[in-house]
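So the sequence shown is numbered by numbering that gives the first Met the number 0: it starts at 0 and just counts up by one.
Glycine residues also receive a C-beta, built at the ideal position from the N, C-alpha and C atoms.
A quick note: this is a predicted structure, and the numbers were derived from the prediction, not measured.
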Amino acid sequence: MYKIKLYNTATRTVEPVETHEPGKLTFYTCGPTVYHYAHIGNLRTYIMEDVLEKLFTLAGYEVKRAMNITDVGHLTSDADTGADKMLEGARREGKTAMEIAEFYTKAFFDDCEKLNIKKPGIVVPATGCIDDFIKLISILFEKGYAYQAGGNVYFDTSKAKDYYRLTGHSADDLMVGVRDDVTEDSNKRNKSDFVLWFTESKFGEQELRWDSPWGYGYPGWHIECSAISLANLGEYLDIHAGGVDNIFPHHTNEIAQSEAALGHEWCGHWFHPRHLNDKSGKMSKSKGGILTVSVLEEKGYKPLAYRLFCLQSHYLKQLVFSYESLDNAESAYDKLLSRIANIKARADRENAAADPEKVNEYKERFIETVGDDLNTSMGLTLLYEVIKADMDDATKIGIIKVFDSVLSLDLLSGKAEEEEEAGDTAHLEELLLKRAEAKKNRDWATADAIRDEVKAAGYMIVDTPEGAKLKKL
Ligand code: AMP
Ligand code: ZN
0 MYKIKLYNTA TRTVEPVETH EPGKLTFYTC GPTVYHYAHI GNLRTYIMED
50 VLEKLFTLAG YEVKRAMNIT DVGHLTSDAD TGADKMLEGA RREGKTAMEI
100 AEFYTKAFFD DCEKLNIKKP GIVVPATGCI DDFIKLISIL FEKGYAYQAG
150 GNVYFDTSKA KDYYRLTGHS ADDLMVGVRD DVTEDSNKRN KSDFVLWFTE
200 SKFGEQELRW DSPWGYGYPG WHIECSAISL ANLGEYLDIH AGGVDNIFPH
250 HTNEIAQSEA ALGHEWCGHW FHPRHLNDKS GKMSKSKGGI LTVSVLEEKG
300 YKPLAYRLFC LQSHYLKQLV FSYESLDNAE SAYDKLLSRI ANIKARADRE
350 NAAADPEKVN EYKERFIETV GDDLNTSMGL TLLYEVIKAD MDDATKIGII
400 KVFDSVLSLD LLSGKAEEEE EAGDTAHLEE LLLKRAEAKK NRDWATADAI
450 RDEVKAAGYM IVDTPEGAKL KKL
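Laid out in structure tokens, this is it:
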């Protein structure tokens, strides 16, 4: 089985993904916080995760992937301060938190569909898993990692093994830049401790609350992902993914909780696509004026041109969004579709079968190329190589279909414009030959008449050193 190589935040190297069970991949993705639309930055992360899942599938792995929907507990700061984002959304729109969650969960999956992002096999809202959270927190109590103070339940990070290891920084480094106005929670034994279950919180109006052994309350954000992953994907996780902002504190806390409960290492590979920013800086849902897929559509862009824009660059590089670069991506996308449509039209006319050996050879090259740390831009280069190759059209189409199972750009959806033109221009090309003959015979009247006829058909004749050429008017 082909080993896919990927940068691992935990080891800071590109290394083969070793799955716990051969041929099977368990893959967890931090899902959206559904208090607002997903912006196209969020969706860059989901596009890259989607490509990763599809690449493993193409390479023959059986992929089991789970994702949460954060509909409770994610506070405006990723630490334990600020209001619950869901509550903020509910206040903003004068609705209940559950109405907000339902509306934006649907909007998220609608956007995913437009971008050909496959829905993970397992998708669970946090509010549907309260029992799993309570079970996990109880284990953390039994094992001495959890404590109660001021009514809340906290995780004691001083007991975690190498708590900061995912960040590659020390505690002191991470405190630099912490905002002065963030009030410290005096209930915490250590600054880095975090809430597992809130009961006494400063936002008593929190709508969603449940009974628990520690009082009526609601879960912290971090416990969601650990519990949902453990409940659905088992105690060994192969890949955990999320945007780069999730490394600290979210994923750092997930590792602490999960390993404390399990008593062994939990996840082998951490995948963190970098952010998409706009020219003014970070894109954020809370900033207002969110750039969404619908905004792009309203401006006349095809959502898949945005997918191509993302695939053109490496996921470990920050990407700056501008309409000029999206214009370039859209024009490349249109050309790509039309070139493939022409190949397809010829292949359909020839009615020949693809060469399975050649298709397989290219499939392997594609897996190896993109499987070298998710090098999607090299995957696109390979696609262009196939388009230009000296190869029969049916085989080209066979290969393109395989590539598209990962790129998901609807590569076969274009219209064969060139072919229609080729049909039209065949007769004009003949006229060009007649004109050349007329010019040779100094029959200027005929040459001019032909020029007019060609012009009437919508083309101009351009005389070049290689002879006369047609140019569309
Ligand atoms: P959220 O809905 O805020 O929980 O974020 C959903 C996903 O988007 C998470 O994996 C975040 O890490 C990721 N994310 C947040 N902002 C950006 C951004 N500007 N570019 C790319 N990914 C982002
Ligand atoms: Zn998460």
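In the DSSP assignment, the residues bridged to residue 15 are 4. Between residue 224 and residue 35, the alpha-carbon positions lie close to 20 Å from each other.
Secondary structure note for residue 309: its alpha helix (DSSP H) is the uninterrupted segment 302 to 310.
Straight-line measurement puts the Cα of residue 137 at about 45 Å from the Cα of residue 279. In the three-state reduction of the DSSP assignment, residue 91 falls in the helix class, which pools H, G and I. In this structure, residue 309 lies away from residue 3, with their beta-carbon atoms at least 7 Å apart.
Here the alpha carbons of residue 40 and residue 294 stand approximately 13 Å from one another.
Bridge pairing for residue 268: 238 [DSSP]. Proximity annotation: the ligand ZN has residues 29, 224, 241 and 249 in chain order, each selected because its CB is closer than 6 Å to a heavy atom of the ligand. Between residue 192 and residue 154, the C-beta gap is smaller than 7 Å, which places the two residues in contact. The alpha-carbon of residue 445 is positioned some 14 Å away from that of residue 429. For residue 145, the pairing in a beta bridge is given by DSSP as 154. DSSP places residue 338 within a helical segment (H, G or I) once states are collapsed to three. DSSP, read as helix, strand or coil, puts residue 27 in strand. Here residue 362 is not near residue 405, since their CB atoms are 7 Å or more apart. Remark: the shortest separation between the CB of residue 31 and any heavy atom of the ligand AMP falls under 6 Å. Apart from the 5 residues on each side of it in sequence, residue 351 sits with its Cβ closer than 8 Å to the Cβ of 391, 392 and 393 in its chain, given in chain order. Distances from the CB of residue 245 to the heavy atoms of the ligand AMP include at least one below 6 Å. Runs of the alpha helix (DSSP H) spanning 4 or more residues and lying entirely within the stretch 28 to 69 occur at 39 to 57, in chain order.
Proximity to residue 126 across 343, 33, 152 and 187 peaks at 33, based on C-alpha coordinates. Between the C-alpha atoms of residue 322 and residue 356 there is a straight-line separation of about 41 Å. The three-state reading of DSSP puts residue 276 in strand, counting E and B together.
Counting the other Cβ atoms within 10 Å of the Cβ of residue 110 gives 16 or more, which makes it buried. Excluding its 5 nearest sequence neighbours in each direction, residue 301 has C-beta neighbours in its own chain below 8 Å: 329 and 332, listed in chain order. For the 7 Å CB-CB criterion, residue 29 and residue 252 do not form a contact. Sequence-distant Cβ neighbours of residue 215 in its own chain, meaning closer than 8 Å and more than five residues away, are 198, 208 and 209. Collapsing the DSSP output to three states places residue 121 in a strand.
For residue 43, the shortest C-beta to heavy atom distance toward the ligand AMP is below 6 Å. Take the alpha-carbon of residue 188 and the one of residue 166: they are about 21 Å apart.
Contact between the stretch 7 to 23 and the stretch 259 to 278 is present, with at least three C-beta pairs closer than 8 Å.
Closest by C-alpha distance to residue 95, out of 183, 157, 206 and 128, is 206.
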